[in-house]
Every structure is written in structure tokens, then in C-alpha cells.
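To start, the structure under review is shown below, and the notes come after it.
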Amino acid sequence: MNYLNQSKKTIFDCGVVTNEKNLLNLCKEKSVNLLLVSINLFSEEFSSWNIEQIILLKEEAFNNNEYSKYLTLFKYQSMEALLDTILKVFKKNDIIKVSESSVLGEDIKWNNKTNFIGVYSLSGGIEKTILSVMLSYYFGKNKSCLYINLDCIGCRMFEKKEENKADFAKLLWKIKKKEEIIQHLEKLICKEDFFSYLMSSVYQNALTELTTEDFQILCQKLLEWNEYKIIVFDFGFLNEAVIEIMTFCKMIFDVKEGSFLESRKRSGFYELLKFQERESIKNRIQEVSAVRDLQMSWKEIEELIWSEKGFQGAEFFVDKVGALLAHRV
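Here the sequence shown stands for residues 1 to 329, where the numbers follow our numbering.
Shown next, in the form of C-alpha cells:
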């Protein structure tokens, strides 16, 4: 919540109040869409104030039928779990009313065909997937929208169907074979109220094996299919192939910055991503440089990172280093 509040460019307007008086003053100034409050501090008087929805945060042992008409959440759980529930409340009651231009910060001229949007961050722990889902939700209210999760950690608001797991592995094989891609993709897509989604996190290792050409084929097939006006890619890992998908994207949302990347900065952005990835690899190598089993000089490491093999060669090397580090620990 602190991150969302500080970024100033999200679809949320978050605030924190420390006592009942401050809350009352806030409600006099503006309508509060959603209030999260500890059940120990809650007062029935709050329901008469300018608040549209109240969620009570309770401790496990607390059980009071007096507040049964309010939605309650166990407060000692992960932020991801709390946000998942909160977002479901948003979707169910439509209590946040946001225009497309206010979400994007600018007026967008959409193509008549499929438009790709990329959501990206090199930093973890800043709710990239949650924001990706929210973008899909708002776009999906007015346009057909497909959310594709290319992350190593899934979003808990979506239940993965066990029978779909093998099918997704088969989809990756179809992409490699360049056959019946869309026909198989259709079988895997699940429906939400306002958008469709494809969860792939359980196959992150297999995803990283897809080449630049594989992703080019997938993107081209999606464009030819033209079933969805907007496709939101949630990028959970970074390699040369993922950067190729980004070149197809009409817009890229940098979660850490809380804004869409301007078109004029795109070319420099791709080069920066490549540089950051290589720097990340070098840093990870330096972290385990004391491992004696690693029989390679820094000059050899440098040559490998900047070789024509690029990311692929370096990734194999990092896997080796990671295994050595795990063994040492």
C-alpha cells in the first residue's frame, strides 16, 4: 500500500489514517471507496460516514456475530492474499470508477486489430502481477482483453485447473513445432467477468527455453487470430526472447516507475534492458566468485557474457554458479 501511495501514478489513491477523528475528516473531504480497519477499532458509526465499502481485519480468535454483515479478513497473512481479496471486492461491486485515460495517463489511439501491452519490472515484491490483472480488468470492461501470465509466481486469485497443466506444456510444444497454436490456445483460455486469462507460471522453466523465433511466431499468430482487442503480457522474467515480445507491444508499463514508457524512449529502453540483464548476470557471478570449484577467470567470464551467444550462454553459466552456491550453502 505504501508503494502504491508513493508512486502517484497508479489506479489506486491510497491513504492511511491513524485515528477516528482523521478518518472522519477524510470522509468529509471525499468519498472513500474502501476502508480497511481492524475489527478491534471498528465502530458502527463508520457505516454512516462517506464510505462505500468496509472490510474488517480480524485476528484468528476473534468471532463476533455482531459484525456478520461486513466482509472480514484474517489480517496476519501475506499482502498478496489481502490484495487478491480486495481486488475481488472491486470487481464484484465496481466501486472504483476509472476512465481508460486516467489509468494510462494519456489518450491512446488503439489499432483496429490486436494491441499488445507489456507490464514489466526488474524489481520483485512490488505487486506487478496484481497491477497487470487490474489493467486487464479495466481494459476488459470496454474491449475484449486477454491476460497472459509469463511469470514464475502465479496470481492466487486465479485457480489453476489441474487438467490444464499438461495442456499448457503441449502448447509450448506446438509453438516449437509451429502447428495448431491458436487451436490449442483456445482450449487453455479461462474466462473472468471482464477479461480472459492464460496462466503459465507452473511452466516458467519451459517458458525460458522458448527462443526469439518462438515468441515471434506466437505474437504473429495472436495478431492473425485477432480475437482480442488487447492482450496484456505480464513479464516475470527477462531474456532476449522476452525483449522480442516487447517490440510487438504498443505500450510498456514499468511498475517500479508507475507509468507507461514513452514511445520516443523505446529503443534506448531495449538496450538498457539488455545491459541490465548482463549486469545482473555479472553481479550474480561476483557474489559467488569465492567458490573454488569455479575454474574460470574473470576475463573468461567477461568474454562469455558479451559473446555472440549473448544471454543464452550466460544463463547456462549462471545455472552452474547457482548450483555451486547451493552446494556450498
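Where is the CB? At the ideal position from N, CA and C, for every residue including glycine.
Buried or exposed: where does residue i fall if 16 or more other Cβ atoms within 10 Å of its Cβ makes it buried?
{"i": "Tyr120", "result": "buried"}
{"i": "Phe74", "result": "exposed"}
{"i": "Leu185", "result": "buried"}
{"i": "Gly15", "result": "exposed"}
Rounded to the nearest angstrom, how far is the Cβ of residue i from that of residue j, given a contact under 8 Å?
{"i": "Tyr195", "j": "Cys145", "result": "It is worth fixing the name first, because residue 195 is Phe in this sequence and not Tyr. Correct: roughly 4 Å between the Cβ atoms."}
{"i": "Ile245", "j": "Phe260", "result": "16 Å between Cβ atoms; not a contact."}
Using only the alpha-carbon positions, how far apart do residue i and residue j sit?
{"i": "Lys170", "j": "Ile55", "result": "42 Å"}
{"i": "Thr18", "j": "Glu213", "result": "54 Å"}
{"i": "Glu45", "j": "Leu131", "result": "33 Å"}
{"i": "Leu222", "j": "Tyr197", "result": "14 Å"}
{"i": "Asp193", "j": "Leu238", "result": "30 Å"}
{"i": "Leu23", "j": "Leu35", "result": "10 Å"}
{"i": "Ser136", "j": "Asn33", "result": "20 Å"}
{"i": "Cys155", "j": "Ile252", "result": "Unreliable positioning characterises Cys155 in this predicted model, as indicated by a pLDDT of 48, which lies under 50. The coordinate reading is nonetheless provided below. C-alpha separation (whole angstroms): 20 Å."}
{"i": "Ile243", "j": "Ile117", "result": "13 Å"}
{"i": "Ser43", "j": "Trp173", "result": "57 Å"}
{"i": "Glu20", "j": "Phe139", "result": "36 Å"}
{"i": "Asp254", "j": "Ile189", "result": "26 Å"}
{"i": "Trp225", "j": "Gly236", "result": "25 Å"}
{"i": "Asn149", "j": "Asn50", "result": "37 Å"}
{"i": "Glu227", "j": "Val133", "result": "19 Å"}
{"i": "Lys69", "j": "Glu240", "result": "51 Å"}
{"i": "Leu26", "j": "Asn115", "result": "39 Å"}
Which class does residue i belong to by DSSP, given the choice of helix, strand or coil?
{"i": "Gly118", "result": "strand"}
{"i": "Ser68", "result": "coil"}
{"i": "Phe215", "result": "helix"}
{"i": "Lys30", "result": "coil"}
{"i": "Lys191", "result": "strand"}
{"i": "Asn149", "result": "strand"}
{"i": "Glu227", "result": "coil"}
Who are the near neighbours of residue i in its chain, counting only those whose CB is closer than 6 Å to its CB and skipping five residues on each side?
{"i": "Ile108", "result": "Model confidence at Ile108 stands at a pLDDT of 48, short of 50, so the residue's coordinates are unreliable and nothing is read from them."}
{"i": "Lys28", "result": "none"}
{"i": "Ser38", "result": "Leu57"}
Residues in its own chain within less than 8 Å of residue i by CB, not counting five upstream and five downstream?
{"i": "Ile175", "result": "Ile181, Leu210, Asp214, Ile217, Leu218"}
{"i": "Lys178", "result": "Ile217"}
{"i": "Tyr67", "result": "Ile39, Phe42, Leu56"}
So does residue i have its beta carbon nearer than 7 Å to some heavy atom of the ligand ADP?
{"i": "Ser68", "result": "Looking for the ligand ADP in the displayed structure turns up nothing, as the structure carries no ligands at all."}
Grab me the residues of residue i's own chain with a C-beta within less than 7 Å of its C-beta, minus the 5 sequence neighbours each way, in chain order.
{"i": "Lys341", "result": "For the chain, the structure presents residues 1 to 329; residue 341 sits outside this window and is missing."}
{"i": "Lys191", "result": "none"}
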